[in-house]
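Student:
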Amino acid sequence: MNSPARIEATGWGWRYAGRRSPAVRDVTFRIEPGERVLLLGASGAGKSTLLAGIAGLLGGDDEGELTGRITVDGQRPEMQRGRVGLVLQDPDAGVVLSRVGDDVAFGCENLGVPASEIPTRVSEALDAVGLDVAPDRATAQLSGGQKQRLAIAGVLAMRPGVLLLDEPTANLDPDGVHEVRAAVEHAVTAANATLIVIEHRTQVWADLMTRVIVLDADGGLLADGPPDEVFARSGTPLAAAGVWVPGHDVDLPLLQTVGDAAPVLSARALAVSRDGRRPVRTGLSFDVPDAAATVITGPNGVGKSTLALTLAGLLPEFAGDVVSAIDMAGRRGRRPSRWRSRELLTRIGTVFQEPEHQFLAQTVRDELLVGPHALRLDTAMANRVVDELLERLGLASLARANPFTLSGGQKRRLSVATVLATGPRVVVLDEPTFGQDRLGWISLVQLLQEEIGRGTAVVTVTHDEGVAQHLGGRRLALVADESVEGVAA
Amino acid sequence: MSILTDQGPARSTAAPALEREAWLDGVNPATKILLALVLSIPLLASIDPVSALVAVGLQLLCVPLTGLRLRRVLARLLPILLVAPIAGVSMLLYADPGGRVYATFWHATISDASIALAVAVGVRVLALALPTILLFGRTDAIDLAAALAQIVHLPARFVLGVLAGTRMLGLFLDDWRQMELARRARGVGDSGAVRRFLSMAFVLLVFAVRRGTKLATAMEARGFGAPGVRTWAHRSQLHARDAVALAGGVVLIALALAVAVWAGTFRFVWS
Chain L
799 MNSPARIEAT
809 GWGWRYAGRR
819 SPAVRDVTFR
829 IEPGERVLLL
839 GASGAGKSTL
849 LAGIAGLLGG
859 DDEGELTGRI
869 TVDGQRPEMQ
879 RGRVGLVLQD
889 PDAGVVLSRV
899 GDDVAFGCEN
909 LGVPASEIPT
919 RVSEALDAVG
929 LDVAPDRATA
939 QLSGGQKQRL
949 AIAGVLAMRP
959 GVLLLDEPTA
969 NLDPDGVHEV
979 RAAVEHAVTA
989 ANATLIVIEH
999 RTQVWADLMT
1009 RVIVLDADGG
1019 LLADGPPDEV
1029 FARSGTPLAA
1039 AGVWVPGHDV
1049 DLPLLQTVGD
1059 AAPVLSARAL
1069 AVSRDGRRPV
1079 RTGLSFDVPD
1089 AAATVITGPN
1099 GVGKSTLALT
1109 LAGLLPEFAG
1119 DVVSAIDMAG
1129 RRGRRPSRWR
1139 SRELLTRIGT
1149 VFQEPEHQFL
1159 AQTVRDELLV
1169 GPHALRLDTA
1179 MANRVVDELL
1189 ERLGLASLAR
1199 ANPFTLSGGQ
1209 KRRLSVATVL
1219 ATGPRVVVLD
1229 EPTFGQDRLG
1239 WISLVQLLQE
1249 EIGRGTAVVT
1259 VTHDEGVAQH
1269 LGGRRLALVA
1279 DESVEGVAA
Chain P
13 MSILTDQGPA
23 RSTAAPALER
33 EAWLDGVNPA
43 TKILLALVLS
53 IPLLASIDPV
63 SALVAVGLQL
73 LCVPLTGLRL
83 RRVLARLLPI
93 LLVAPIAGVS
103 MLLYADPGGR
113 VYATFWHATI
123 SDASIALAVA
133 VGVRVLALAL
143 PTILLFGRTD
153 AIDLAAALAQ
163 IVHLPARFVL
173 GVLAGTRMLG
183 LFLDDWRQME
193 LARRARGVGD
203 SGAVRRFLSM
213 AFVLLVFAVR
223 RGTKLATAME
233 ARGFGAPGVR
243 TWAHRSQLHA
253 RDAVALAGGV
263 VLIALALAVA
273 VWAGTFRFVW
283 S
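So the sequence lines, in the order shown, correspond to chains L and P.
Converting from the first sequence to our numbering requires adding 798 to each position, the first position being numbered 1.
Converting from the second sequence to our numbering requires adding 12 to each position, the first position being numbered 1.
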């Protein structure tokens, strides 16, 4: 059996080549074998860089400039391949091969583990994360939570002395979060390894951890100690830096739920399909109320995103139809799927799950101008709309930046702003709070509340109970059981 | 309704378990590559309908060995069936005339010789495509990679890099669909299809670079490229069956050419 590793950082720092200031500066700590550390810090404080440094994956002088040193069991991490196991945030990024068994074996093969020993290691690792699927199962068919557990199993099979997890649950639904949390707890016990986790959602992980280390964005550490102590002492600055701290709730109003209201969109006996060949959901009849939220919830694979895209007039109805209020009708009638692309702009705006999919321009400002230009607003009017939005969403200082270079929270706000620029009656959003830290979350929910206050109908798909509570309106819970095809109000 | 259940999501998970092991599944992918060459190169040396037809006929007789359903083979042949006549038509119009001439316009002449050549070329395209479909229709990419690295001794870094990269293709397809929908949502979906295509292609390139970087990090984090000798959980080995398969391929192609010689239609490309 392997033994847990000791990690020491002494005045450690890293500056990526081409950047003026270092990503991490002057970090010193000593993590004893078997400790379980929650690594926190504001966005951009360099948490991921630190993990990559411990894993020995930052590269050489070409890639950046190193100061101080990190050791694993007293040696440089680059010399310790296999001793350190790193799992990345994006579940799709962690999977290398197309079959479960092969993927778990991949690390062992690279380390030169004898072929006869590999099957045992693979099944042990799959057991440790509770992934009970056949080894020849296609990795593409796994859910997000399963993929993330697979990635952890792939690392465990290498029998590492330390397990590094970079926001392992940020992109998962509540079931996936629960699965991965349980898998990690079981795995660190079984694997007898030191554990370091980066995660904004501290309440999920706090009770598993023996220690919290908080990176200061200006270099060094903000706090270091047992979880309770750190949260009590540094709770307020942590919350202000974007970390979800237990006991620091969000200071936003809870909007009212609505009963009967004039509908802006109505679905009648609607069946939705992603590819136009096979329905993912049938028999949906409901109204989207005006000037209120409609929150669509339900487990993965139940067809929430497909429903949202159909309501937004982007996918044609598979059966039944979606019709708008009479005063919204386009040249070709009341069905959004029949409207022209330009007609959608003032009627229904859609915010995609991945903001980058909807970016079209080279600068933030031009990005916001796309909609007004398509509407053929005159220049003065278009500029006024854009200036107001830049101000309102706190993007004014980034007006000339390239949208692709923004942070996750900024990209999300920009994608919402591009939609608001044309003032649509309905805004449809798919998982707007995915992967957002506390600050991103608050600014987004606040924005949506404002829009509802201005009379916009907001339709959002979400796994986030907090979003549903704060937006109120009407709840549409899709159920996995196919016999229940209707909808609860 | 039966069509619906046949194509439902359950199929993809249940089907692999139900599929029986076929004789060809026991042949090493490296041997299959060699077989594909054996079955196609001799056909390139001759242009006549008989050898190609006999080869196609004999190969279709081998379908039960491959574990593929005939219907699936035909479905995969369909694109080739559509392309083959195009190759044939150019021969029909522009080959050296000979025998009776049926029609002439501009530089094109349709004659007995050009008709014969058109048929021969059309059938030959089929005969060249069919072995690839039969041999690799059920070959797993991972097995192929293992064979390329262990039997053919291509560098493991290269083979595994390509293998991991191909997994990204499905993700790109999703990206593309989302971007199409997003352009409609943003009011620019009505016109300018070419410009839209170019801008989407550029964004996809950005995604490709970023995904590639992430994948490389994930692979490195699992010891990819570590010093020392890499092991393989699945040994890729050659068995007696590989020799049998290769011999079978040689006999098949020899038979096809022999029949052509016997029928008097055999003709070297350069003669």
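Quick reminder that beta carbons are idealized off the backbone N, C-alpha and C, glycines included.
Being a predicted model, the structure only gives us computed values, none of them experimental.
Using 8 Å for Cβ pairs, my map puts LEU147/P next to LEU47/P. What's the rounded Cβ distance?
Tutor: 6 Å
Student: Would you mind working out which of ASP1262/L, LEU1212/L and VAL1256/L sits nearest ILE1146/L, comparing C-alpha positions?
Tutor: VAL1256/L
Student: Please list, in chain order, all residues of the same chain as ASN1098/L whose beta carbon is under 8 Å from its beta carbon, the five residues on each side excluded.
Tutor: SER941, GLY942, ASP971, ASP973 and GLY974
Student: Run through DSSP, which three-state label would PRO802/L get?
Tutor: coil
Student: Name the chain P residues whose beta carbon is nearer than 9 Å to that of VAL894/L?
Tutor: LEU172, LEU175, ALA176, ARG179, LEU227, ALA230, MET231, ARG234 and PHE236
Student: Could you pull out every residue in the same chain whose Cβ sits closer than 7 Å to the Cβ of ALA815/L, ignoring the five residues on either side in sequence?
Tutor: ASP860, GLU861 and GLY862
Student: What residue from LYS845/L, ARG867/L and LEU948/L has the CA that sits closest to GLY826/L's CA?
Tutor: The amino acid at residue 826/L is misidentified as Gly; the sequence shows Thr. The shortest Cα separation from THR826/L among LYS845/L, ARG867/L and LEU948/L belongs to ARG867/L.
Student: Kindly give me the distance between the Cβ atoms of VAL927/L and ALA985/L, rounded to whole angstroms, as I take these residues to be in contact under 8 Å.
Tutor: 6 Å
Student: If you count every other CB in all the chains shown that lies within 10 Å of the CB of VAL82/P, and 16 or more means buried, which is it?
Tutor: Correcting the residue identity first, residue 82/P is Leu in this sequence and not Val. Label assigned to LEU82/P: exposed.
Student: Between which two residues does the beta strand (DSSP E) holding VAL1121/L run?
Tutor: Its beta strand (DSSP E) spans residues 1117-1122.
Student: Give every residue of the same chain whose Cβ lies closer than 6 Å to the Cβ of ALA1021/L, excluding the five residues on either side of it in the sequence, and list them in chain order.
Tutor: Same-chain partners within the cutoff: VAL1012, VAL1028 and SER1032.
Student: Can you list the residues of chain P that PRO912/L reaches, using a CB-CB cut of under 8 Å?
Tutor: THR243
Student: Take THR869/L and list the residues in its own chain whose beta-carbon comes closer than 7 Å to its own, dropping the five residues that flank it on each side.
Tutor: GLU806
Student: Are the CB atoms of VAL174/P and ALA42/P within a distance shorter than 8 Å?
Tutor: no
Student: Beta-carbon separation of PRO1201/L and VAL1259/L under 8 Å?
Tutor: no
Student: Helix, strand or coil for ASP1085/L per DSSP?
Tutor: Three-state result, ASP1085/L: strand.
Student: Could you give the first and the last residue of the continuous beta strand (DSSP E) run that contains ALA1065/L?
Tutor: 1061-1070
Student: Excluding the 5 residues flanking ARG84/P on each side, which residues of the same chain have their C-beta closer than 8 Å to its C-beta?
Tutor: GLY149
Student: With 7 Å as the C-beta to C-beta threshold (strictly closer), list the residues of the segment 954-983 of chain L near chain B in chain order.
Tutor: Annotation note: the requested chain B is absent from the structure, which comprises protein chains L and P.
Student: For ALA132/P and PRO76/P, what's the separation of their Cα atoms in angstroms?
Tutor: 27 Å
Student: On the CB-based measure, 16 or more other CB atoms within 10 Å of its CB, does SER1122/L come out buried or exposed?
Tutor: Buried, because 16 or more other Cβ atoms sit within 10 Å of the Cβ of SER1122/L.
Student: What residues from chain P crowd round ASN908/L, counting only those whose CB sits closer than 7 Å?
Tutor: Ordered by position in chain P, the residues that pass the 7 Å Cβ test against ASN908/L are ARG234, GLY235, PHE236, ALA238 and ARG242.
Student: List the DSSP bridge partners of TRP812/L.
Tutor: VAL822/L and LEU864/L
Student: Work out the CA separation of LEU1143/L and ALA194/P for me, nearest whole Å.
Tutor: The alpha-carbon atoms of ALA194/P and LEU1143/L are separated by roughly 12 Å.
Student: Per DSSP, which one or two residues make a beta bridge with ILE1094/L?
Tutor: Here ILE1094/L is bridged, per DSSP, to VAL1259/L and LEU1274/L.
Student: Just the Cα atoms here: how many angstroms apart are GLU983/L and LEU1006/L?
Tutor: Rounded to the nearest whole angstrom, the CA to CA distance from GLU983/L to LEU1006/L is 7 Å.
Student: Return the residues of the segment 1153-1184 of chain L that lie within a Cβ-Cβ distance of less than 9 Å from chain P, sorted by chain order.
Tutor: Among the residues of the segment 1153-1184 of chain L, those with a Cβ less than 9 Å away from any Cβ of chain P are GLU1154, HIS1155, GLN1156, PHE1157, LEU1158, VAL1168, GLY1169, HIS1171, ALA1172 and LEU1173, in the order of the chain.
Student: Rounded to whole angstroms, what's the CA-CA distance from GLN71/P to ALA159/P? Just pull it up for me.
Tutor: 24 Å
Student: Is GLY199/P near ARG1140/L, with beta carbons less than 8 Å apart?
Tutor: yes
Student: How big is the Cα-Cα spacing for ALA26/P and ALA980/L?
Tutor: Bear in mind that a pLDDT of 35 at ALA26/P, under 50, signals an unreliable position, so the model cannot answer this.
Student: Can you give the Cα-Cα distance for ASP890/L and PRO1077/L, rounded to whole angstroms?
Tutor: 25 Å
Student: Within the chosen definition, does the segment 839-854 of chain L reach the segment 877-884 of chain L through at least 3 CB pairs nearer than 8 Å?
Tutor: Contact between the segment 839-854 of chain L and the segment 877-884 of chain L is present: three or more C-beta pairs spanning the two stretches fall below 8 Å.
Student: Going along the chain, which residues of its own chain have a beta-carbon closer than 7 Å to the beta-carbon of TYR114/P, five neighbours each way excluded?
Tutor: Cβ within range, chain order: ILE122 and SER123.
Student: Is there a Cβ of chain P sitting closer than 8 Å to that of ALA1287/L, yes or no?
Tutor: Bear in mind that the predicted position of ALA1287/L carries a pLDDT of just 37, short of 50, making it too unreliable to give a figure here.
Student: Should ALA161/P be flagged as near chain L, meaning a C-beta pair shorter than 8 Å?
Tutor: Not one chain L Cβ lies under 8 Å of ALA161/P.
Student: Taking buried to mean at least 16 other C-beta atoms within 10 Å of its own C-beta, is TRP1003/L buried or exposed?
Tutor: Label assigned to TRP1003/L: buried.
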